[in-house]
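Peer 1:
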Amino acid sequence: MAFEAGSSNAGNALIVDDDSMMHFIHKFLLSRFGFKIFVAENGKQAVELFQSGQHFDVVTMDFQMPVMDGVQAIKKLRDMGVDSKILGVSACDEATVKELFLEAGANDFVTKPLTHDKLASFLKNI
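1 is the number of the first residue of the sequence shown in full-length UniProt numbering; add one for each residue after it.
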């Protein structure tokens, strides 16, 4: 399923990040692709949203967060059978961070800041 900018009703997107500025940026970008936006402050909140029965088509997941980090959250979500498309996002551009995300079950990884082009590339390839 590919998503295009300007579409409407693309589905639900979950932003998982402890930084309110990232919420603003990711909301702006994802809404341009027609997603209804939800936010979790950490990995534990994200897992709880899925456990409550919420479904998200796309998830942007930060690496370092309090309570439960992004890698731990992705592992938990995949263990629960969640098949959402997950984009790992981090300010750290070390190869090991990308490897950790992908090994945990993320579909792809990008470095911050998330841009329209990075998001479009991810959405086009899922």
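For glycine and all other residues, C-beta sits at the position ideal for the given N, C-alpha and C. Bear in mind the structure is a predicted one, so any value in this text is a computation, not a measurement.
#1: From the DSSP output, in three-state form, read off ASP117 for me.
#2: Figure out for me which residue from LEU29, GLN54, VAL67, ALA46 has the closest Cα to the Cα of MET61.
#3: Between the C-alpha atoms of GLY11 and ASP57, what's the straight-line distance to the nearest angstrom?
#4: Have a look at ILE74 and PHE101 and give me their C-alpha separation to the nearest angstrom.
#5: What runs of the alpha helix (DSSP H), each 4 residues or longer, lie entirely inside the stretch 48-81?
#6: Use the C-beta contact count for ALA106: other C-beta atoms within 10 angstroms, 16 or more gives buried, fewer gives exposed.
#7: Measure the alpha-carbon distance for PHE50 versus PHE35 and round it to whole angstroms.
Peer 2: Judging by the given coordinates:
#1: Your numbering for residue 117 matches position 117 in the sequence shown. Helix, per DSSP.
#2: Sequence index remark: in the sequence shown, residue 61 carries index 61 (1-based). Measuring from the Cα of MET61, the nearest candidate turns out to be ALA46.
#3: If you number the sequence shown from 1, residue 11 lands on position 11. If you number the sequence shown from 1, residue 57 lands on position 57. Within the model, the alpha-carbon separation for GLY11 versus ASP57 is close to 6 Å.
#4: Residue 74 sits at position 74 when you count from the first residue of the sequence shown. Residue 101 sits at position 101 when you count from the first residue of the sequence shown. C-alpha separation (whole angstroms): 8 Å.
#5: Entirely contained in the stretch 48-81, the alpha helix (DSSP H) runs reaching 4 residues are, in chain order, 70-79.
#6: Numbered from its first residue, the sequence shown carries residue 106 at position 106. It is buried - the Cβ of ALA106 has at least 16 other Cβ atoms within 10 Å.
#7: The residue labelled residue 50 in the question sits at position 50 within the sequence shown. The residue labelled residue 35 in the question sits at position 35 within the sequence shown. Taking the Cα positions, PHE50 is about 17 Å away from PHE35.
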